[in-house]
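Below is one structure; the comments refer to it alone.
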Amino acid sequence: MGSGQGVVLVTGAAGFIGFHVATALLDRGESVLGLDNLNNYYDVSLKEARLAKLLPHPQFQFIKLDISDRAGVAALFQRQSIRRVVHLAAQAGVRYSLVNPHAYTASNIDGFLNILEGCRHHRIDHLVYASTSSVYGGHTHMPFSVHDNVDHPVSLYAATKKANELMAHCYAHLYRIPITGLRFFTVYGPWGRPDMALFLFTKAILEGKPIDVFNHGKMQRDFTYVDDIVEGVIRTLDRPAQPDPHWSSDQPDPSASSAPYRLYNIGNHQPVDLLHFIEVLERTLRKTAEKNFLPLQAGDVPATYADVADLMRDTGFKPATPIETGIARFVDWYRNYYQV
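The numbers in this note's numbering rise by one with no breaks, and the one at position 290 of the sequence shown is 1416.
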């Protein structure tokens, strides 16, 4: 799978998952074009530090561009021989979508459309894009399955990602572009996002500050280690979506189609109680957290749990990194990066 297959465009390449995906693609000899707008949703210096690790690689090229820039994205596809796209750029975060909803439509709706248009006009071989476990919204039926309907989002972030799945289907159907959507479940690990729980908790505990524990700790998350996410992304990228010969328009399965369209969950498929997660972190840091128990936040869900049977069936892979291992690796990175 070398550069003979043209360039792989990785959007959001300076982001947490994008950085890891770009690194893994480069490690196996791919030519990677990384795109990012380096926005200030969180500390830009962390994005720049990730980028600094990618830039020395001879097969890596970076372009600073916002995906909502329609002309810019069109020109990029025109200039480059992009064959495959891993689309990870998005305005992330449930809570911020309550504060700044327009950032989500600009990036996740307009931006995604610009990527779809680029893929359409340049007949790319496969588009793999990030969706989210948040699309399951108000569901309490566990584990969450890609065969379930997801029509009850509880945040605008989730609604924009559900919209991405619908837009992707429409392009796969109209233009026969192979498109695969991946619903990521709570991703954590080295180089992680500072707005995510593990990062916030680690920083606060090391600084001797209290941590906010929502829903009075009665939360479960399917915490998924970043290397497992990357493995899932690359395995699906290598298998362009195909029309499902068994798909029936009488009983339409949401996860597949008569078009080259597929959806998969990528999660650790073993939800962890938030308080247990914090205990493992405390043991790793050898410090006890002072906990500030608070009610469930608007837009948040009490539990997530991924059914990964389809991913396993089609790619032979399922995430399995235990939180003990993943948290230890994150803490090692954190201490090293921030010199604490």
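Note that the Cβ used here is the ideal one computed from N, Cα and C, for glycine as well.
Computed from a predicted structure; not experimentally measured.
query                                                                                                                                                                                             : result
Between which two residues does the beta strand (DSSP E) containing residue 1256 stretch?                                                                                                         : 1252-1258
Are residue 1398 and residue 1449 touching if we call contact CB-CB under 7 Å?                                                                                                                    : yes
Would you say residue 1229 and residue 1306 are within 7 Å of each other, going by their C-beta atoms?                                                                                            : no
Going by the DSSP bridge assignment, what does residue 1406 pair with across the sheet?                                                                                                           : DSSP output for residue 1406 lists no bridge partner at all.
Taking the alpha helix (DSSP H) that residue 1286 falls in, what are its first and last residues?                                                                                                 : 1282-1301
Is the separation between the beta-carbon of residue 1348 and that of residue 1394 shorter than 7 Å?                                                                                              : yes
Identify, in the order they occur along the chain, each residue of the same chain with its Cβ nearer than 6 Å to the Cβ of residue 1196, setting aside the five sequence neighbours on each side. : 1240
Count the other CB atoms within 10 Å of the CB of residue 1128; is the residue buried (16 or more) or exposed (fewer)?                                                                            : Any reading at residue 1128 must be qualified, since the residue scores a pLDDT of 43, below 50, and its modelled position is unreliable; the value itself is stated next. With fewer than 16 other Cβ atoms within 10 Å, it is exposed.
Kindly give me the distance between the Cβ atoms of residue 1139 and residue 1162, rounded to whole angstroms, as I take these residues to be in contact under 8 Å.                               : 5 Å
Can residue 1472 and residue 1201 be called in contact, C-beta distance under 7 Å?                                                                                                                : In this structure the chain extends from 1127 to 1466, so residue 1472 is not present and cannot be described.
Which of the three DSSP states is assigned to residue 1127 in this structure?                                                                                                                     : In this prediction, residue 1127 has a pLDDT of 40, which is less than 50 and means its spatial position is unreliable; what the coordinates show is noted afterwards. Residue state, collapsed to three classes: coil.
What does DSSP give as the partner residue(s) for residue 1134 in the beta ladder?                                                                                                                : 1158 and 1210
With DSSP collapsed to three states, give me the class of residue 1200.                                                                                                                           : helix
Of all Cβ atoms in chain B, is any one closer than 7 Å to the Cβ of residue 1451?                                                                                                                 : Of the chains in the structure shown, none is chain B; there is only one protein chain.
Around the Cβ of residue 1378, are there at least 16 other Cβ atoms within 10 angstroms (buried) or fewer (exposed)?                                                                              : exposed
Could you name the residues of the same chain whose beta carbon sits closer than 8 Å to that of residue 1375, not counting the 5 residues immediately before and after it, in chain order?        : 1384
Alpha carbon to alpha carbon, what distance is there between residue 1249 and residue 1198?                                                                                                       : 18 Å
Measure from the alpha carbon of residue 1222 to the alpha carbon of each residue in 1252, 1425 and 1274, then state which is nearest.                                                            : 1425
Would you mind working out which of 1301, 1204, 1286 and 1145 sits nearest residue 1224, comparing C-alpha positions?                                                                             : 1286
Given residue 1362, which residues of its chain have a CB within under 7 Å of its CB, disregarding the five upstream and five downstream residues?                                                : 1254, 1306, 1308, 1390 and 1441
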